[in-house]
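Here is the structure we will look at.
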Amino acid sequence: MTHPRTPHTPDPVPHPARPLLNRRLAEFGTTIFAEMSALATRTGAINLGQGFPDEDGPEEIREAAVRALRDGRGNQYPPGPGVPELRGAISAHQQRNYGLAYDPDTEVLVTAGATEAIAAALLALVEPGDEVIALEPYYDSYAACIAMAGGRRVPVTLRPRDGAYHLDLDELRDAITPRTRLLLLNTPHNPTGTVLTRAELAAIAEIAVERDLLVITDEVYEHLVYDGEHVPLASFPGMRARTATISSSGKTFSFTGWKVGWVTGSREMVGAVRSAKQFLTYVSAGPFQYAVAEALALPDTYFEGLRTELRFRRDLLADGLTQAGFEVYRPSGTYFITTDIRPLGGTSDGFAFCRELPEKVGVVAIPNAVFYDHREEGAPFVRFAFCKKREVLEEAASRLKGLAQG
Ligand code: PMP
Ligand code: GLN
60 MTHPRTPHTP DPVPHPARPL LNRRLAEFGT TIFAEMSALA TRTGAINLGQ
110 GFPDEDGPEE IREAAVRALR DGRGNQYPPG PGVPELRGAI SAHQQRNYGL
160 AYDPDTEVLV TAGATEAIAA ALLALVEPGD EVIALEPYYD SYAACIAMAG
210 GRRVPVTLRP RDGAYHLDLD ELRDAITPRT RLLLLNTPHN PTGTVLTRAE
260 LAAIAEIAVE RDLLVITDEV YEHLVYDGEH VPLASFPGMR ARTATISSSG
310 KTFSFTGWKV GWVTGSREMV GAVRSAKQFL TYVSAGPFQY AVAEALALPD
360 TYFEGLRTEL RFRRDLLADG LTQAGFEVYR PSGTYFITTD IRPLGGTSDG
410 FAFCRELPEK VGVVAIPNAV FYDHREEGAP FVRFAFCKKR EVLEEAASRL
460 KGLAQG
């Protein structure tokens with residue numbers, strides 16, 4: 060039976076005196092990633108905006124997911140904290156890579172990607188009025204989740220100097236007030252590619268202990284480090300009890316669509332985060348959890364291979380961007396390159412630049428200003444993702460050279 064088409068007459072807005080969207084979320088429009096990926100699809104441009112690989116991760120891990128699905132493992136609600144195989148694999152991963160011991164039964168929690176882990180941790184730990192310090196530029200979901208928790212975000216700005224972005228520890232100290240509840244860190248850092256050094260992390264740990272702060276540390280790019288090393292904040296003295304460490308399989312294994320993430324921390328910390336998480340998704344992604352358990356046990360050669368290939372791609376795109384006329388901040392980690400567009404001589408407004416770029420040369424990028432409260436600080440900076448095939452990066456670099464030619 061077909062239904063007759065009725066002309067569209069808009070329904071009256073209920074409660075017109077107040078917007079539908081609650082005021083905590085009013086300032087957050089559509090995420091820039093959705094906006095820019097839609098722009099890429101619409102224009103057919105090369106998408107170096109949203110950070111997702113254009114090739115899937117290891118075939119054997121994809122097959123592991125198929126096997127789990129076929130064998131009926133995870134097709135019904137898995138246990139709330141995650142399947143034991145994955146919790147065991149996460150615990151073993153922390154031990155093998157960092158010498159950190161977490162009890163898989165009480166100190167590990169599986170989440171729907173790092174995104175849910177961030178949301179659950181903030182909803183669990185923050186009360187209305189609490190101040191949350193976040194490194195600016197910050198990943199966009201941080202601001203929205205702090206707002207949902209009723210917290211107040213206090214940005215501490217990373218600034219470019221000598222070809223890289225740096226944290227000013229004095230600024231961090233100055234940002235702390237009696238209302239500060241929590242530091243929300245991210246290393247390796249999206250979008251700047253900065254990897255906090257052991258000395259910086261030691262200083263942050265000292266500050267957290269001295270001021271009795273909780274810490275959420277987002278370490279989703281832990282395996283994507285090209286210069287220096289990734290050191291988990293939880294490994295510093297006094298930090299285990301006060302830190303919720305977050306990671307995800309999306310970046311490490313190139314399956315961003317599976318949305319398997321996790322939190323490790325003390326029994327009390329993980330228990331608190333679980334209290335919030337159970338009412339968000341309850342559980343997620345059953346069969347994928349089994350596959351990620353196998354992925355975490357891959358030999359070191361897998362992780363080294365990923366790093367080597369991405370380092371090559373970083374250099375490929377960084378050199379291309381330099382030749383195209385950008386000032387490039389070569390990242391020590393992540394798969395993003397932040398650039399300054401001012402040397403190109405055109406607009407110094409990253410938003411305008413990114414909106415025009417697909418039409419001009421057929422490439423999509425992300426304006427870093429969206430990751431700032433102090434928008435003027437981020438205005439001339441634009442981020443490019445290099446988790447794409449070499450030939451795609453070469454083609455993008457060659458198109459971007461067209462900018463210099465007018
Ligand atoms: N944190 C950071 C810093 C990110 O860049 C991202 C996006 N990949 C996430 C968290 C979200 O990770 P997931 O896809 O696992 O939810
Ligand atoms: N983390 C990815 C990025 O920074 C995008 C994830 C998303 O679309 N929310 O590009």
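Using our numbering, read the sequence shown as starting at 60 and increasing by one per residue. Each residue gets a CB set at the ideal place from its N, CA and C atoms; glycine is no exception.
Residues near residue i in its chain [Cβ-Cβ closer than 7 Å; skip 5 each side]
i: phenylalanine 295; result: Leu260, Ala261 and Ala264
Start and end residues, beta strand (DSSP E) containing residue i
i: glutamate 386; result: 386 to 388
i: arginine 240; result: 239 to 245
i: valine 284; result: Taken as a continuous stretch (DSSP letters only), valine 284 belongs to no beta strand (DSSP E), as it is neither H nor E.
i: threonine 276; result: 273 to 277
i: threonine 302; result: 302 to 307
i: glycine 320; result: 319 to 323
i: valine 72; result: Here valine 72 belongs to no beta strand (DSSP E), and DSSP marks it neither H nor E.
C-beta atoms of residue i and residue j nearer than 8 Å
i: proline 426; j: cysteine 413; result: yes
i: arginine 366; j: tyrosine 285; result: yes
i: tyrosine 388; j: threonine 398; result: yes
i: glutamine 348; j: leucine 145; result: yes
i: alanine 179; j: leucine 339; result: yes
i: proline 140; j: arginine 370; result: no
i: glycine 210; j: aspartate 233; result: no
i: tyrosine 224; j: threonine 251; result: yes
i: valine 215; j: leucine 244; result: no
i: leucine 98; j: valine 422; result: no
i: phenylalanine 182; j: alanine 203; result: Phenylalanine is not the amino acid found at residue 182; the sequence shown has leucine there. Not closer than 8 Å, so no.
i: phenylalanine 362; j: proline 117; result: no
Contact set for residue i: own chain, Cβ-Cβ below 6 Å, skip 5 residues either direction
i: threonine 90; result: Asp199
i: glutamate 119; result: none
i: glutamate 386; result: Asp399 and Pro402
i: histidine 289; result: Glu281
8 Å CB neighbourhood of residue i in its chain, flanking five on each side removed
i: alanine 375; result: Note that residue 375 corresponds to leucine in the displayed sequence, not to alanine. Closer than 8 Å at the Cβ level, and outside the excluded window around leucine 375, lie Phe445, Arg449, Leu452, Glu453 and Ala456.
i: leucine 228; result: Glu259, Ala262, Ile263 and Ile266
i: alanine 160; result: Ser150, Gln153 and Gln154
i: threonine 253; result: Leu217, Ala223, Tyr224, His225, Leu226, Thr246, Pro247, Pro390, Ser391 and Gly392
Range covered by the alpha helix (DSSP H) that runs through residue i
i: phenylalanine 440; result: First-last for phenylalanine 440: 440 to 444, but that is the beta strand (DSSP E), not the alpha helix (DSSP H).
i: threonine 315; result: It is not in any alpha helix (DSSP H) - threonine 315 carries neither H nor E in the DSSP assignment.
i: threonine 102; result: 91 to 102
i: leucine 459; result: 449 to 463
i: isoleucine 266; result: 257 to 269
Straight-line gap, residue i to residue j (C-alpha atoms, nearest Å)
i: leucine 194; j: leucine 226; result: 8 Å
i: tyrosine 394; j: arginine 373; result: 7 Å
i: glycine 364; j: methionine 328; result: 34 Å
i: proline 439; j: threonine 406; result: 8 Å
i: leucine 272; j: valine 167; result: 21 Å
Please list the segments of the beta strand (DSSP E) lying wholly inside the region 185 to 233, counting only runs of 3 or more residues, in order along the chain. Counting only unbroken stretches of 3 or more residues, the beta strand (DSSP E) elements lying wholly within the region 185 to 233 are 190 to 195, 211 to 216, 218 to 220 and 223 to 225, in sequence order.
To test your reading of the DSSP string, which unbroken alpha helix (DSSP H) runs of 4 or more residues are found completely within the region 388 to 437? Here the runs fully enclosed are 409 to 420 and 434 to 437.
Any alpha helix (DSSP H) of 4 or more consecutive residues that is wholly inside the region 333 to 359: 345 to 355
Which ranges does the alpha helix (DSSP H) cover as unbroken runs of at least 4 residues, wholly within the region 109 to 142, from first to last along the chain? 118 to 129
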